[in-house]
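Per numbering that gives the first Met the number 0, the very first residue in the sequence shown carries number 0; after that it's consecutive.
To start, the structure under review is shown below, and the notes come after it.
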Amino acid sequence: MKKKRVIVSVINDLATDQRVARTCSVLHELGWEVVLVGRILPNSMPMGRPYQCIRFRLPFRKGAKFYAVYNIRLFFFLLFRRCDLFFSNDIDTLLPNFLVSRLKHKPLIFDSHEYFTEVPEIQGRPFVQNTWKRIEKFCLSRMKSMITVNESIAKLFRDKYGIQVKVIRNVPFKISKLAMASRQELGLPEDQRIVILQGAGINVDRGAEEAVAAMQFIENTILLIVGSGDVVPQLKEYVIANNLSEKVRFVGKQPSDQLRKYTSVAEIGLSLDKPLNINYEYSLPNKLFDYIQAGIAVLASDLVEVAAIVKQYQVGEVLEQHNPQFIANRIQSMLADRDQLGRYRANAAIAAEMLCWEHEKVILENIVNEINRNRL
0 MKKKRVIVSV INDLATDQRV ARTCSVLHEL GWEVVLVGRI LPNSMPMGRP
50 YQCIRFRLPF RKGAKFYAVY NIRLFFFLLF RRCDLFFSND IDTLLPNFLV
100 SRLKHKPLIF DSHEYFTEVP EIQGRPFVQN TWKRIEKFCL SRMKSMITVN
150 ESIAKLFRDK YGIQVKVIRN VPFKISKLAM ASRQELGLPE DQRIVILQGA
200 GINVDRGAEE AVAAMQFIEN TILLIVGSGD VVPQLKEYVI ANNLSEKVRF
250 VGKQPSDQLR KYTSVAEIGL SLDKPLNINY EYSLPNKLFD YIQAGIAVLA
300 SDLVEVAAIV KQYQVGEVLE QHNPQFIANR IQSMLADRDQ LGRYRANAAI
350 AAEMLCWEHE KVILENIVNE INRNRL
């Protein structure tokens, strides 16, 4: 008897999307034949997963042509593949999944990783924004349920479409001792304090510019920037122009296991997104939970969901403003108070036992098992 097959769609290159990887791991553990679909880029890292990964090679990398070509390609891929369950990640993969699931009379799970129609990339572009809003309305007004990353965004979808929304937060697996590393192994000095800013979306106006600028006021400390984003080239230019090369180090995109090693050697993790739009204001980024799992203190901006976690579990401090001097003073005061820093780290170790994928995945397991029961 053939296994039931689920096709999981996402628009990125798959390699560093931790949420999608965790989703696929649950489906694989539940006995599904998993096919993960995305796209390939010139610098995409190789995939080593216990399930099939397919990455489309596309003629465009961004803009309307890219989204159109990807969605058309995905539509025909889904249409002509055997599938028992469709799993769409974000609005930019939803339309082909929705249409084919209706044509084939197969269930669809939709997971919105953010409030996509309010992302800054489409602000000030009314035609583009309205196009995505129309797609969102067309699909979600006809669906009964969906998944998203936190309660604030879930409420927005519930209020707008009257849809049932389950919350599955972006929490990582528990970090084992095997994931730890020494500074020597990572080529980092032993005599410097280390602060880290990580993520796959280190973009404009998400606090990275101010974090780098703050380093001119801090001594004996290195800021590690681990990940990628559209502001990184600008940050590198700023570092060179302001002679900060000894204080700021850039590490590109890393596989999740290697990323955890860098996180574990830091003392403070930064999450400095600004409330410039609804999407940022209600965001709850992966990096916050990565810092907690690594047992390091957190310095975070005062966003609704992020501040709630930091305050509830007492794992760090909330930043009231984004002035570089202010950020520098707060980092220095946290590093200077070793007793308080130790308490934050101890609290993070306790929080890590609760804020982990091993607990959160139960929600997804229940959703998938309910689908199974309804189709027997």
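We put the beta carbon where it would ideally sit given N, CA and C, even for glycine.
All of these numbers come straight from a predicted model, not from anything done at the bench.
Is it the case that the Cβ atoms of residue i and residue j are separated by a distance below 8 Å?
i           : j           : result
residue 91  : residue 111 : no
residue 300 : residue 206 : yes
residue 321 : residue 273 : yes
residue 84  : residue 46  : no
residue 204 : residue 119 : yes
residue 2   : residue 30  : yes
residue 140 : residue 109 : no
residue 170 : residue 355 : yes
residue 239 : residue 221 : no
residue 291 : residue 350 : yes
residue 213 : residue 125 : no
residue 26  : residue 19  : no
residue 368 : residue 122 : no
residue 280 : residue 303 : yes
residue 73  : residue 8   : yes
residue 6   : residue 69  : no
Roughly how many whole angstroms lie between the Cα atoms of residue i and residue j?
i           : j           : result
residue 172 : residue 359 : 10 Å
residue 40  : residue 159 : 35 Å
residue 186 : residue 266 : 16 Å
residue 325 : residue 332 : 11 Å
residue 81  : residue 283 : 35 Å
residue 348 : residue 48  : 29 Å
residue 188 : residue 219 : 10 Å
residue 157 : residue 143 : 11 Å
residue 365 : residue 357 : 13 Å
residue 62  : residue 232 : 20 Å
residue 334 : residue 28  : 42 Å
residue 179 : residue 50  : 26 Å
residue 312 : residue 168 : 16 Å
Can you say whether residue i is buried or exposed, counting buried as having 16 or more other CB atoms within 10 angstroms of its CB?
i           : result
residue 129 : exposed
residue 113 : buried
residue 314 : buried
residue 64  : exposed
residue 245 : exposed
residue 268 : buried
residue 37  : buried
residue 236 : exposed
residue 100 : buried
residue 78  : exposed
residue 341 : exposed
residue 16  : buried
residue 346 : buried
residue 278 : buried
residue 263 : buried
residue 372 : exposed
residue 181 : exposed
residue 289 : buried
residue 293 : buried
residue 42  : exposed
residue 184 : exposed
residue 75  : exposed
residue 71  : exposed
residue 21  : buried
residue 133 : exposed
residue 337 : exposed
Skipping 5 residues on each side, what residues in its chain have a beta carbon closer than 7 Å to that of residue i?
i           : result
residue 225 : 195, 197, 250, 253, 258 and 261
residue 154 : none
residue 202 : 228, 229 and 230
residue 52  : 13, 35 and 46
residue 56  : 39
residue 138 : 93, 94 and 97
residue 215 : 241 and 243
What residues in its chain sit with their C-beta under 8 Å from that of residue i, if we drop five residues either side in the sequence?
i           : result
residue 60  : 40
residue 166 : 146, 147, 148, 149, 150, 153 and 362
residue 135 : 90, 93, 115 and 116
residue 318 : 271, 298, 299, 300, 301, 325, 326 and 329
residue 385 : The structure shown does not extend to residue 385, since the chain spans only 0 to 375, so no value can be given for it.
residue 191 : 219, 220 and 221
DSSP has residue i in a bridge; who is on the other side?
i           : result
residue 51  : 34
residue 226 : 198
residue 173 : Paired residue(s): none; residue 173 is not in a bridge.
residue 4   : 32
residue 350 : Partner(s): none; residue 350 has no beta bridge.
residue 316 : 298
residue 147 : 111 and 166
residue 192 : 220
residue 88  : 110
Once you ignore the five residues that flank residue i on each side, which residues in its own chain have a CB closer than 6 Å to its CB?
i           : result
residue 106 : 84 and 370
residue 44  : 14
residue 306 : 317
residue 352 : none
With a threshold of 7 Å, establish whether the CB of residue i neighbours any heavy atom of the ligand FMN.
i           : result
residue 358 : Questions concerning the ligand FMN fall outside what the structure shown contains, since it holds no ligand whatsoever.
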